[in-house]
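*Asks:* All residue numbers in the sequence shown are consecutive under our numbering, ending with 980.
Just so you know, even glycine gets a beta-carbon here, dropped at the ideal spot from N, CA and C.
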Amino acid sequence: MHHYAERPHGINQHIIIYCTEGYGWLEINKKKVEVSPSQFIAIPANTPHRYAANMDKPWTIYWIHFKGEIAT
């Protein structure tokens with residue numbers, strides 16, 4: 909619940925988020941995408957973004973941050 913992240917300049921790592929339950933959203937490149945159970949979302953390094961759990965049915969997520977020469 910109340911999970912929210914906003915990174916106006918992105919971060920120096922790629923992020924993958926996997927939603928297992930509930931709902932959330934991601935805004936990237938000025939486009940907002942709803943996230944549902946069994947969906948993955950990928951956020952490239954250094955890309956401005958924000959995301960949050962749905963207020964009524966918040967998500968349960970797993971996430972990983974990674975970087976390196978072979979990550980792209």
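(1) Between which two residues does the beta strand (DSSP E) carrying G932 extend?
(2) For E958 and T928, I'd like the C-alpha separation in whole angstroms.
(3) Rounded to the nearest angstrom, what separates E977 and V941 at their Cα positions?
(4) Taking G930 as the reference, give the member of A953, Q947, K975, E914 with the closest Cα.
(5) How many Å lie between G918 and L934 at the Cα?
*Replies:* By the coordinates alone:
(1) Against the sequence shown, residue 932 aligns to sequence position 24. First-last of the beta strand (DSSP E) with G932: 932 to 936.
(2) Within the sequence shown, residue 958 is the residue found at index 50, counting from 1. Within the sequence shown, residue 928 is the residue found at index 20, counting from 1. Here the sequence assigns Arg to residue 958, which means Glu is not the residue at that position. Approximately 19 Å, taken between the alpha carbons.
(3) As a working note, residue 977 is residue 69 in the sequence shown. As a working note, residue 941 is residue 33 in the sequence shown. If I take the Cα positions, the gap works out to 28 Å.
(4) For this step, residue 930 is matched to residue 22 along the sequence shown. Per the Cα distances, Q947.
(5) Stepping through the sequence shown from its first residue, residue 918 is reached at position 10. Stepping through the sequence shown from its first residue, residue 934 is reached at position 26. Rounded to whole angstroms, G918 to L934 spans 13 Å at the Cα level.
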